[in-house]
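Note that the working numbering has the sequence shown beginning at 6, numbered continuously upward.
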Amino acid sequence: MIKTINNKLNGILSSSSLTPRAFDLTCVVIGALGTVFGVITCAAPGFLPPIPPSWTAEEVVQYYQDHRHGLLAGAIASVLTGTFYSISGAIFSVYLGRVPNLSKTIVYVQFGAATCIACVFILAGTTLAAIAYRLDRNPEITLALSDLFWLTFMMPMPPLQVQLLCVGWAALADKRPKPAFPRWLGIYNILYSVTSIPVYAVHSVYDGPLAWDGAFTFWFTLAGWGISCAFEYIIMFRYYWIGADAELAETESNETGIVP
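(1) Over what stretch of residues does the alpha helix (DSSP H) that includes N194 continue unbroken?
(2) Using 8 Å as the threshold, is the region 135-146 in touch with the region 86-105, meaning 3 or more CB pairs across them?
(3) I need the straight-line Cα distance from P57 to T40, nearest angstrom please.
(4) Which residues mark the beginning and the end of the alpha helix (DSSP H) in which H74 is found?
(5) How many angstroms separate the CA atom of L148 from the CA atom of S59?
(6) What does the alpha-carbon distance come out to for the pair V99 and S209?
(7) To which residues of the same chain is F242 closer than 6 Å at the C-beta, ignoring the five residues directly before and after it?
(8) Comparing the CB of A118 with every heavy atom of the ligand GDP, is any distance shorter than 7 Å?
(9) In the DSSP assignment, the alpha helix (DSSP H) including S108 goes from what residue to what residue?
(10) Please work out which residues of its chain come closer than 8 Å, Cβ to Cβ, to D212, disregarding the five sequence neighbours upstream and downstream, and give them in chain order.
(11) At a cut of 8 Å, does the region 215-233 reach the region 192-200 through at least three beta carbon pairs?
(12) Taking D152 as part of the alpha helix (DSSP H), name the residues at either end of that continuous run.
(13) Cα separation between R181 and N106?
(14) Starting from Y238, trace the alpha helix (DSSP H) in both directions and tell me its first and last residue.
(15) For E237, count neighbouring Cβ atoms within 10 angstroms of its own Cβ and tell me buried if that reaches 16, exposed if not.
(16) Under the three-state reduction of DSSP, which class applies to W174: helix, strand or coil?
(17) When the Cβ atoms of the region 66-86 are set against those of the region 103-117, are three or more pairs found closer than 8 Å?
(18) Pull up the distance between the alpha-carbon of A62 and that of P144, whole angstroms please.
(19) Is it right to say A80 is buried, meaning 16 or more other beta carbons lie within 10 angstroms of its own, or is it exposed?
(20) Comparing alpha-carbon positions, which option in E64, K109, G130 lies nearest V43?
(21) Check whether the Cβ atoms of A37 and A82 lie closer than 8 Å to each other.
(22) Given G262, which residues of its chain have a CB within under 7 Å of its CB, disregarding the five upstream and five downstream residues?
(23) Please report how far the alpha carbon of T110 lies from the alpha carbon of L101, in whole angstroms.
(24) Please report the straight-line C-alpha distance between T24 and R103, rounded to a whole angstrom.
(25) Rounded to whole angstroms, what is the Cα-Cα separation between P54 and V172?
(26) Report the option in R188, C124, L215 whose CA atom is closest to the CA atom of T304.
(27) For a test of the three-state rule: what should DSSP assign to V104, helix, strand or coil?
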C-alpha cells in the first residue's frame, strides 16, 4: 500500500501541470479569493452597513450578542483575507516584474505595502475574535475592543494607497502596445489613492461621511478597492491562463527570427 501511495505521489510530482505558471495562476486565484473573504468579513457579522460609532456600550454588546456566529465567521474570514493578500502581493510583484525598465524598488515597495495590508486584516480578524470570545465581560471593554477593530479595519489606508500608486506607476510606465495593466487602470488607481486621503480622519469623527460607517470612509473605500481588485485579477488571470504562452512564443520568435 505504501508503495502504491509513493508511486501516486511520484506521478503527481512529475506531472506537467506542476509548472511555475500553474503555481502563479494558483496564486492569482488565491488573491481573488482573498477579496471575496474580505467582503465576507463585513457581510457575515452584518456589517453592511457597519454599526455606528455613536452607539453606547450596551447597544454594541447587544448587537454582538445577536450576531455572535457571524462575528466568529467574520473573524476567520478576515484572517484568511490577510493570509491570501500576502500571496496576492507576491504574484503582483512577479507580474509587475515583467514591465521593461521598471525600477525593482517599485516591485519591492508594492510587496511591502501588500504585507502591511495583510497584517491589518489578520490583526482585525483577531480583534473580532476577541470581541466574540467573551461577550459576558464588562460592556465598556467590549466597546473598546469594538473601537479597536473598526479603527484597525478602516484607518490603515496608507499601505493600500502605496500599493495602488505602485501599480498605477507601473501601468503608466509600461510603453508597450500591450502593457501589463491598461493605462486607464493605472490612472484609476492613482486617482482612487489620492481621493481616499480623507479616510485618515476616521479616528476624529463619530458621524457623517468620514465616520467608519460613513458613505465616504466605508462605502467609497470598499467599492473602490473592489473595482481595482476585480480588474487586476481578471487581467492577471487571463495572462497566466493564455497570455503567457503567447508572450513566450513571441520572445522565442524574436530570438530565433522564426514567426510562430
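By construction, the Cβ of each residue, glycine as well, lies at the ideal position given by its N, Cα and C atoms.
Straight from the coordinates:
(1) Mapped onto the sequence shown, residue 194 falls at position 189. Residues 188-200.
(2) They do not touch, by the three-pair rule.
(3) As a first step, residue 57 must be located in the sequence shown, where it is residue number 52. As a first step, residue 40 must be located in the sequence shown, where it is residue number 35. Answer to the nearest angstrom: the Cα atoms are 24 Å apart.
(4) Translated into positions along the sequence shown, residue 74 becomes position 69. Its alpha helix (DSSP H) spans residues 73-101.
(5) On the sequence shown, residue 148 is found 143 positions in, with the first residue counted as 1. On the sequence shown, residue 59 is found 54 positions in, with the first residue counted as 1. In a straight line, the C-alpha of L148 is about 11 Å away from that of S59.
(6) As a working note, residue 99 is residue 94 in the sequence shown. As a working note, residue 209 is residue 204 in the sequence shown. It is roughly 38 Å from the alpha-carbon of V99 to the alpha-carbon of S209.
(7) One-based indexing of the sequence shown puts residue 242 at position 237. So the list reads V33, once near-sequence residues are dropped.
(8) No copy of the ligand GDP occurs in the structure displayed, which carries no ligand at all.
(9) For this step, residue 108 is matched to residue 103 along the sequence shown. From DSSP, S108 is part of no alpha helix (DSSP H); its letter is neither H nor E.
(10) In the sequence shown, the residue the question calls residue 212 occupies position 207. The beta carbon of D212 sits closer than 8 Å to those of P57, P58, S59, G219, all from its chain and outside the five residues before and after it, given in chain order.
(11) Note that the region 215-233 touches the region 192-200; at least 3 beta-carbon pairs, one per stretch, sit closer than 8 Å.
(12) Taking the first residue of the sequence shown as position 1, residue 152 is located at position 147. That run of the alpha helix (DSSP H) goes 144-159.
(13) On the sequence shown, position 176 is the one that residue 181 refers to. On the sequence shown, position 101 is the one that residue 106 refers to. If you take the alpha carbons of R181 and N106, they lie about 11 Å apart.
(14) Position 233 of the sequence shown, counted from the first residue, corresponds to residue 238. It spans 226-243 - the alpha helix (DSSP H) in which Y238 sits, taken as one unbroken run.
(15) For the purposes of this step, residue 237 is identified with residue 232 of the sequence shown, where counting begins at 1. Its Cβ being crowded by 16 or more others within 10 Å, E237 is buried.
(16) Taking the sequence shown and counting its residues from 1, the one referred to as residue 174 is at position 169. Of the three classes helix, strand and coil, the one that applies to W174 here is helix, per DSSP.
(17) The region 66-86 is not in contact with the region 103-117.
(18) In the sequence shown, the residue the question calls residue 62 occupies position 57. In the sequence shown, the residue the question calls residue 144 occupies position 139. A direct Cα-Cα distance of roughly 5 Å separates A62 from P144.
(19) Position 75 of the sequence shown, counted from the first residue, corresponds to residue 80. The residue in question, A80, is buried, as its Cβ has 16 or more Cβ neighbours within 10 Å.
(20) One-based indexing of the sequence shown puts residue 43 at position 38. The amino acid occupying residue 43 in the given sequence is Gly; Val does not appear at that position. Nearest option by C-alpha distance: G130.
(21) Here residue 37 corresponds to residue number 32 of the sequence shown, with the count starting at 1. Here residue 82 corresponds to residue number 77 of the sequence shown, with the count starting at 1. No, Cβ-Cβ distance for A37 and A82 is not below 8 Å.
(22) By one-based count along the sequence shown, residue 262 stands at place 257. Low confidence applies here, because G262 scores a pLDDT of 35, under 50, leaving its location unreliable and the question unanswered by this model.
(23) Within the sequence shown, numbered from 1, the residue matching residue 110 stands at position 105. Within the sequence shown, numbered from 1, the residue matching residue 101 stands at position 96. Approximately 11 Å, taken between the alpha carbons.
(24) Position 19 of the sequence shown, counted from the first residue, corresponds to residue 24. Position 98 of the sequence shown, counted from the first residue, corresponds to residue 103. Near 18 Å, if we compare the C-alpha coordinates of R103 and T24.
(25) Walking along the sequence shown from the start, residue 54 turns up at place 49. Walking along the sequence shown from the start, residue 172 turns up at place 167. Note on geometry: alpha-carbon atoms of P54 and V172 lie some 29 Å from one another.
(26) No answer is possible for residue 304: the residues shown for the chain start at 6 and end at 265.
(27) Here the question's residue 104 lines up with position 99 in the sequence shown. Residue state, collapsed to three classes: coil.
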